[in-house]
Amino acid sequence: MTSLRWTPIVLAALLTALPTSPGVAQAPRSAIATVTAGIAADIRAKAADAVIFAGPLESDEHAPRGSDLVAKVQALVAGALGPRVNARPERVTLAAAQSLGHKAKALVYLKVEVARGEVRLSADLYRMGRTVWERIKQPSVMPMSHAFASARMDAEVRGYLAPVPILAKRVERAAIEDRDIMAVACGDVDSDGALELFVVSRRRVAVGRVRGGRFAALGVAQFADLSPIAPAPLREPLAGVVVLQGRPGVVDVGITDRARGSRLDGKLRPVGSIAGVPFTVPEGDACLTFQGTTLNPIVKKCADEDPAFEPVDVAPGVDAIVRVTTIGSDGTPRVVDARRDPISRDVVVRAGTIAASLPRSGAQVAIADLDGDGDPEIVSTLDALASAGPAAVDDAVVIRSLRTGGRLEDRARVPVPSGVRAIAACPPDAPGPAPIVVATAGELWVVR
């Protein structure tokens, strides 16, 4: 999700959070809290004294507790609409709901769906309590209002579904013309339900998808067109890309070869400038700036209108930083932090009071709850020297789960003989565990 490293320096990031207003940071919420709050906000003004019915869960995964999930969503919507709203326990069709609730002043019918890694909630609001003559004149009731909300699945939602194993056995390879890849990220920047991949190289940033064994670019922006050359570029450049799903259609990208970073839309068209190289923080993203050296970098807001964030320590003794917010199985968020010491090459992971160490790790690190069990996975590489050439590299992507008490459990290992240039952990987009994107020389790997 957030990866910052020196030698060679790579920073790749992805933020999943609530929609935010510029300058105002909001704490990340669970998927269930996000969709129920969004629906309630849309229909609250017309839903006084309503009765709420819901249909059965629709899911592309086995859901042994699907009815419990629907009941929780229904109860949260009812609570958000007010004390005079009544939630009915029956799981019925719309026609049956209208028959059962014909005496109510208003009826809200909910549909809960789990599909392609998302939880989706729709609500239709009907005016009921009509007279006999109104029902004769217009037998079918038409909705007064419609609302829809969706969010990427998290551990709270996964708790109602069948558990999934992390196997990392499916590897989809895609050729890409960029060989000097420096950062990767993924996210649904256009809110169409499908993930886009963002790839940053020395000369450009590209957005696209994997199709037929190739990276099919949907948009490209050349750094030469975005910013002039930096007055004091780093000898070994640093690049970063952040997909801000909390601000639909916004992508921040920067590279130390250039004087400033850029804020782009989903098609990589410039919409503004940012202070430097972006990386994620729980409140949004922040930017790193350098004075010709990686010693004593400055961390600041990417833009003046961005929300403030908690201080981030980027002391010279750290060459990789990952800070993400994960959602626990009870729906509560927590910040997980990983930092690599360039001398010992150990990665120290912290989640609240829990701490663990990965000895002699590589400088590519990502954190995500890949299997949705509430425990974050630490995705890292080996301490291999990629610059020595493919024949000398013996790299791999290693997945470990951070368990209660700080125990690290090995889950999977994917050999990457040509060396890993960048990694990113993606949000879920299909049944099963969330994917990982691995960038090698001339290839992207999507690992599931």
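If you're matching positions, the sequence shown starts at 12 in the numbering used here and goes up one per residue. All C-beta atoms, glycine included, are put in the ideal place defined by N, C-alpha and C. These numbers were taken from a predicted model, which means no experiment stands behind them.
Exercise for review: Name the two residues that bound the continuous beta strand (DSSP E) containing Thr364.
Suggested key: From DSSP, Thr364 is part of no beta strand (DSSP E); its letter is neither H nor E.
**Study point:** Inter-residue Cα distance where the pair is Arg258 and Asp317
**Key:** 11 angstroms
Review point. What is the residue span of the alpha helix (DSSP H) that Ile43 lies within?
Key: 42–54
Check your understanding: Using the beta-carbon count (16 or more within 10 Å), is Met153 buried or exposed?
Key -> exposed
**Study point:** Straight-line gap, Arg422 to Thr392 (C-alpha atoms, nearest Å)
**Key:** 14 angstroms
Review point. From which residue to which residue does the beta strand (DSSP E) around Glu321 run?
Key: Neither: Glu321 is in no beta strand (DSSP E) and is coded neither H nor E.
Point to revise | Local conformation of Gln85 per DSSP, three classes | key: helix
Exercise for review: Taking Val323 as the reference, give the member of Pro289, Gly339, Ile354 with the closest Cα.
Suggested key: Pro289
Review point. What three-state label does DSSP hand Lys311 in the structure shown?
Key: strand
Exercise for review: Let me know if Gly90 comes out buried or exposed under the rule of 16 or more other beta-carbons within 10 Å of its beta-carbon.
Suggested key: exposed
Check your understanding: Where does Gly417 sit, in a helix, a strand or coil, going by DSSP?
Key -> helix
Review point. When you compare each of Asp263, Ile177, Ser368 to Gly210 by their alpha carbons, which one comes out closest?
Key: The sequence given here has Val at residue 210, not Gly. The shortest Cα separation from Val210 among Asp263, Ile177, Ser368 belongs to Asp263.
Exercise for review: Report the rounded CA-to-CA distance for Ser398 versus Ala173, giving the unit in angstroms.
Suggested key: Residue confidence for Ser398 is low, a pLDDT of 44 falling below 50, so the modelled location carries little weight; the figure read from the coordinates is stated next. Computed Cα separation, rounded: 43 angstroms.
Check your understanding: Can you give the Cα-Cα distance for Pro308 and Ala452, rounded to whole angstroms?
Key -> 28 angstroms
Practice item. For Arg169, name the three-state secondary structure that DSSP assigns. Key: helix
Point to revise | Sub-8 angstroms separation of Leu245 and Thr305 beta-carbons | key: yes
Review point. Counting along the chain, where does the beta strand (DSSP E) carrying Ser284 start and finish?
Key: 281–285
Review point. Are Val88 and Ala51 closer than 8 angstroms when you measure CB to CB?
Key: yes
Check your understanding: Across which residues does DSSP place Arg220 in a beta bridge pair?
Key -> Ala227
Point to revise | Contacting residues, own chain, Cβ-Cβ under 7 angstroms from Ala98 (five flanking each side not counted) | key: Ile63, Gln85, Ala86, Ala89
**Study point:** Chain-order list of residues whose beta-carbon lies under 6 angstroms from that of Arg213 (same chain, five-residue window excluded)
**Key:** Asp191
Check your understanding: Which two residues bound the contiguous beta strand (DSSP E) that contains Gln375?
Key -> 372–379
Review point. Got a sec? Which residues, its chain only, sit under 8 angstroms from Val221 by beta carbon, not counting five neighbours each side?
Key: Glu183, Ala185, Leu208, Ala227, Leu455, Val457
Point to revise | Proximity of Ser372 and Arg350 at Cβ, strictly below 8 angstroms | key: no
Review point. Roughly how many whole angstroms lie between the Cα atoms of Ala194 and Ile434?
Key: 7 angstroms
Check your understanding: Per DSSP, what kind of secondary structure is Trp456 in: helix, strand or coil?
Key -> strand
Review point. Assuming Ala117 and Met139 make a contact with CB atoms under 8 angstroms, what is their CB distance in whole Å?
Key: 6 angstroms
Review point. If you run the structure through DSSP and keep just helix, strand and coil, what is Lys122?
Key: strand
**Study point:** Exposed unless 16 or more other CB atoms sit within 10 angstroms - verdict on Pro387
**Key:** buried
Practice item. Tell me where the beta strand (DSSP E) around Asp263 begins and ends. Key: 261–266
Practice item. Could you pull out every residue in the same chain whose Cβ sits closer than 7 angstroms to the Cβ of Pro310, ignoring the five residues on either side in sequence? Key: For the record, residue 310 in the displayed sequence is Val; it is not Pro. So the qualifying residues of the chain are Ala297, Leu299, Val323, Val325.
Review point. Three-state secondary structure (DSSP) at Thr451?
Key: strand
Point to revise | Contact test: Val427 Cβ vs the ligand ATP heavy atom, cutoff 7 angstroms | key: Annotation note on the ligand ATP: not contained in the displayed structure, which lists no ligands.
Practice item. Could you check what DSSP says for Leu105 in three-state terms: helix, strand or coil? Key: helix
Practice item. Give the single residue among Pro438, Gly417, Val409 whose Cα lies nearest to the Cα of Ala179. Key: Val409
**Study point:** Pairwise C-alpha distance: Leu111 and Gly260
**Key:** 42 angstroms
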